[in-house]
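Everything below concerns the one structure shown next.
Number of protein chains: 2
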Amino acid sequence: MPKSNKTPTINDVARLAGVSKKTVSRVINRSALLSEDTRTKVEAVIAELGYVPNPQARALALRRNFLLGLLHDNPNAQTVLKVQEGVLDAIRDTEFALVVRPVDRHSPTLIEDIRHFLELQRLYGVLILPPISENDALAELCLEMGCGYVRMGSAMLDDADHMVASNDREMVEAAVDHLVELGHRRIALIEGPKGFRSAHERREGFLAAMARHGLVVPDSARAPGTYRFESGLEAAGLLLDASERPTAIFASNDEMASGAFHAARQRNLRVPDDLSIIGFDDSPIAAHIWPPMTTVGWPVREMGRAAALKLIAPAEEVAGESRFPARLVKRQSVAPPKA
Amino acid sequence: MPKSNKTPTINDVARLAGVSKKTVSRVINRSALLSEDTRTKVEAVIAELGYVPNPQARALALRRNFLLGLLHDNPNAQTVLKVQEGVLDAIRDTEFALVVRPVDRHSPTLIEDIRHFLELQRLYGVLILPPISENDALAELCLEMGCGYVRMGSAMLDDADHMVASNDREMVEAAVDHLVELGHRRIALIEGPKGFRSAHERREGFLAAMARHGLVVPDSARAPGTYRFESGLEAAGLLLDASERPTAIFASNDEMASGAFHAARQRNLRVPDDLSIIGFDDSPIAAHIWPPMTTVGWPVREMGRAAALKLIAPAEEVAGESRFPARLVKRQSVAPPKA
DNA sequence: AAAGCTTTTGACACCGGTTTCCTTTTTCGC
DNA sequence: GCGAAAAAGGAAACCGGTGTCAAAAGCTTT
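Taken in sequence, the protein lines are chains R and H.
According to the numbering used here, the stretch in the first sequence is residues 226 to 564, in order.
According to the numbering used here, the stretch in the second sequence is residues 226 to 564, in order.
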């Protein structure tokens, strides 16, 4: 019995099994060039000792570790967490682990901070969440540092090996179609912040659908927002106080949509009788607000899983998928317009 | 110039500076036994080469790595993310990184899964979030495996070195005091799930405060819940349909409180005019619901930071703190009872 | 100037794996 | 039954750091 109370090493296994380190290594790595006899013998010793290879030693010898990183600028807690779960789905039963790294996209030293982080941790690869996934300099940084990367976002900003995207544009079109089918004509838009690709996609989807239906969108039916609750409140206020009040509002995310709910309430407008509202994200707030909100949900978890697979198993079938369909989640904030 | 396009190693630095590896190592680790001359000389070479020590090699040599783990069973996305941010506050400018590991507390193999995880990753230490932080077997597992740990929770379940706790009980008492001061007498409680320490603490705080004010709590003024929205909706329904309707409800978390908002609305009761509601957690939903909810907020981020410091710098002053005060966040879901 | 300290530095083993390369054993064709 | 090829296994170097310990250098002291 080797010195007890210490975690066993490959040497202990080798000694006890009466073979060389290399042979044990072969067993661990399921090398084909091994007799069935030695394999079972070594495996028995491994089981008896409860031996688990030291990941640091492996990382050193292999010159690569088994750490995936998640870079994000908290777009929304639920989303970040779901992505984490998706990544965990992908790396379950592998030796990979997930390292998280929140960043501040407004920091002037963003790139340098991340460079430092990557140098320090030497990650196997990173997943980049929107909105910082839209930063091309970041992708270049990863390339330069030999660190794998996959971006998540609302449009294909990179080649399929490096991108997992939802189809925001189409889904917004579907949401608008839904409103038009119910009879809405004056549909207003609360936009997301300038410079966000997702905001851009959602606006373009909105405008395209409206044009397709031959509906004009006056300036008074478009209001800017920041993706935050307060901006939704304010923007909806503007829209609802306009001379030609809209019968429906599409908000570029749920938080702003919930601001719109409040703006309606302040004006004694009932949702959905007096005003229909559709949000985007299917965040918990959409289900918990009153009335429950119709919104567009995208498969965050599955996308996180696919992104991780692209990094760790590019050959896998799922890893080939880059575009993920969203779907309209119909609840109770939409009704036909009155009269 | 050493072979370019490869990241430089300690050997490259040593060769270029004309010193031994060990001396470079001393410079990196700020050893005191070094002449000023050599130090500056070596530092110059390090800067020139952009040398960064390989964390895997260090981990192997030191027989410990610089990875902190976060074990959680998603009590609430916002909380998990805030803890992550707090941990990041603590490890910023250190070589530590944070590995996340969501688990399923209902899995029959929970302990074995985590044992496997710890064996595989050999973390420096882990932070354990409620509710799984209440599992003593988990703490024992960490001890057994030589892995540092700090639990977060709502009561001191462990000694100060291993615990960071809020004071839920006191805060619920403060919330009840607030309601009583406004004139409420019939105050109902929506409880959290059995077996959750936080649910226990909040209930005890509630009952203690009521008793202190000489108010009885009939069975009809207590309803069980699961911390989920639907359970709050259902529980509040029970409470509001009782013969003696309460004028105020304390819900053991915000999600259930928001369910209570809906239950009130379904019965044409206005919040806060006909019914006051107080929640717990100060989650985003509390601010975004209508009317904005009065709730109890606890300093999640600071607690995450403190927990991480306990692991990585037990000597630090902050690391000594184990109890963190929550505070009552007054918004608009509370008013004096009518007549 | 030699002896005796203290400070600074380096040689070498080691952490626990993998890789390279070579030797030994087995298998198999003829 | 023999030689050759294939299969199995091992020795030693290596990955990039740190720890030990002794040597070298610098500085006093006598």
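Virtual Cβ for every residue (Gly too), placed ideally from N, Cα, C.
| Query | Result |
| --- | --- |
| Cβ pair Val559/R, Leu465/R closer than 8 Å | no |
| Minimum Cβ-Cβ distance from Val270/R to chain H less than 8 Å | no |
| Distance, Leu306/R Cα to Ile235/H Cα | 38 Å |
| Nearest-angstrom Cα separation, counted from Ile253/H out to Gly371/H | 27 Å |
| Beta-carbon separation (whole angstroms), Ser358/R vs Met381/R, contact threshold 8 Å | Not quite, the Cβ-Cβ distance comes to about 12 Å (not below 8 Å), so this is no contact. |
| Collapsed DSSP secondary structure at His387/R in the structure displayed | helix |
| Beta-carbon proximity list for Pro509/H, same chain, < 7 Å, skipping 5 on both sides | Gln303 |
| Interface flag, Ile412/H vs chain R, CB-CB below 8 Å | no |
| Cβ shell of Ile514/H (< 7 Å), same chain only, five flanking positions each side left out | Ser483, Phe486 |
| Supposed close pair Ala424/R, Gly417/R - CB separation, criterion 8 Å | 3 Å |
| Proximity test, Pro550/R beta-carbon vs the ligand MN heavy atom, cut-off 7 Å | No copy of the ligand MN occurs in the structure displayed, which carries no ligand at all. |
| Through-space distance from Asp237/R to Lys228/R, alpha-carbon basis | Only weak support exists for where Lys228/R lies, its pLDDT of 41 falling under 50; the value from the coordinates is given anyway. So the two alpha carbons sit approximately 9 Å from each other. |
| C-beta contact flag for His403/R and Leu553/R at 8 Å | yes |
| Arg347/H: contacting residues in chain R (beta-carbon distance under 9 Å) | Thr232, Val277, Asn279, Pro280, Gln281 |
| Cβ-based burial, Asp361/H [other Cβ within 10 Å; buried from 16] | exposed |
| Residue-level contact to chain H via CB, Asn290/R, 8 Å cutoff | yes |
| Cβ of Lys228/R within 8 Å of any chain H Cβ | Because Lys228/R carries a pLDDT of 41, less than 50, the predicted location of this residue cannot be relied on, and the following value inherits that uncertainty. Answer no: the Cβ-Cβ gap between Lys228/R and chain H never drops below 8 Å. |
| Meets three-Cβ-pair contact criterion under 8 Å: the stretch 449-462 of chain H and the stretch 427-441 of chain H | no |
| Length of the line joining the Cα atoms of Pro517/H and Pro497/H | 10 Å |
| 6 Å CB neighbourhood of Met226/H in its chain, flanking five on each side removed | Unreliable positioning characterises Met226/H in this predicted model, as indicated by a pLDDT of 37, which lies under 50. A coordinate reading is not provided. |
| Per-residue DSSP class, three states only, for Val325/H | strand |
| Under 8 Å between C-beta atoms of Asp499/H and Val521/H | no |
| Listed by chain order, chain R residues near Pro300/H by CB distance under 8 Å | Neighbours of Pro300/H on chain R: none; closest Cβ ~11 Å, over 8 Å. |
| Buried versus exposed call for Thr319/R [16 or more other C-beta atoms within 10 Å across all chains shown] | exposed |
| Interface positions of the stretch 413-427 of chain R facing chain H (Cβ-Cβ less than 7 Å), listed along the chain | none |
| is_contact[Ile557/R, chain H] using C-beta, thresh 8 Å | Note on identity: in this sequence residue 557/R is Gln, with Ile being the wrong assignment. False, the Cβ-Cβ gap to chain H never drops below 8 Å. |
| Secondary structure of Met226/H, DSSP reduced to three states | Residue confidence for Met226/H is low, a pLDDT of 37 falling below 50, so the modelled location carries little weight; the figure read from the coordinates is stated next. It is coil, neither helix nor strand. |
| Spatial distance of Glu268/R from Glu527/H (CA atoms) | 47 Å |
| The beta strand (DSSP E) enclosing Thr519/H, as first and last residue numbers | 519-522 |
| Range of the contiguous alpha helix (DSSP H) that encloses Met528/H | 525-537 |
| Exposed unless 16 or more other CB atoms sit within 10 angstroms - verdict on Gln346/R | buried |
| Partner residues on chain H for Ala239/R, Cβ-Cβ distance less than 8 Å | Near Ala239/R there are no residues of chain H at all, since even the closest Cβ is about 18 Å away, more than 8 Å. |
| Buried versus exposed call for Asp384/R [16 or more other C-beta atoms within 10 Å across all chains shown] | exposed |
| Beta-carbon proximity check, Ala531/H vs Val324/H, cutoff 8 Å | no |
| Leu354/H and Pro300/H closer than 8 Å at C-beta | yes |
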